[in-house]
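Peer 1: Take the sequence shown: its letter number 38 is residue 37 in numbering that gives the first Met the number 0, and every next letter is one higher.
Note that beta-carbon positions come from the ideal geometry of N, C-alpha and C, so glycine has one too.
Structure in structure tokens, see below.
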Amino acid sequence: MVIWTITRVTVKKKRSSDKSAVVAAASVSSNSTAPTVNRKEQKRLEAEARQKLANARKPLEKDLARIEAEMARISAEQATITSTLADETLYLPERKDALQKILASELKLKEKTRRA
0 MVIWTITRVT VKKKRSSDKS AVVAAASVSS NSTAPTVNRK EQKRLEAEAR
50 QKLANARKPL EKDLARIEAE MARISAEQAT ITSTLADETL YLPERKDALQ
100 KILASELKLK EKTRRA
């Protein structure tokens with residue numbers, strides 16, 4: 000099988016008495032020293048590249064899923080704390096210990112959110 004490659008294209012402007020014409024000439028040569036890759040080999044190389052990207056991306060996607068799950072859990076806990084803090088009876092003097100515990104857990108959640 001012979002593979003033809005275009006090695007150079009030249010454009011020349013010819014002067015003529017009535018009109019100017021532009022002539023394009025392509026020099027074509029059979030170049031056996033040019034690195035050629037057949038279609039099957041090219042597809043194999045492309046598949047290898049896709050596989051390498053997938054392998055590099057897999058741990059990142061796993062970490063992202065873990066972090067998203069943790070953030071969802073933290074958001075749910077935060078919603079629970081917010082609704083508990085909305086209860087007016089929590090602020091009565093006899094429930095001071097419960098209020099302090101809830102505020103401490105809210106602080107811990109905020110720290111976790113900053114770390115995540």
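So which of E47, R38, K109, K39 has the shortest CA-CA distance to E76?
Peer 2: Closest by alpha carbon: K109.
Peer 1: Taking the C-alpha atoms as reference points, what is the distance between P58 and L44?
Peer 2: Each residue's alpha carbon lies about 23 Å from the other.
Peer 1: Using a threshold of 7 Å, state whether the C-beta atoms of E105 and I80 are closer than that.
Peer 2: It is a contact, given that the beta carbons lie within the stated cut-off.
Peer 1: Which whole-angstrom value describes the C-beta separation of L89 and T83, a residue pair presumed to lie in contact below a C-beta threshold of 8 Å?
Peer 2: L89 to T83, Cβ: 7 Å. Contact.
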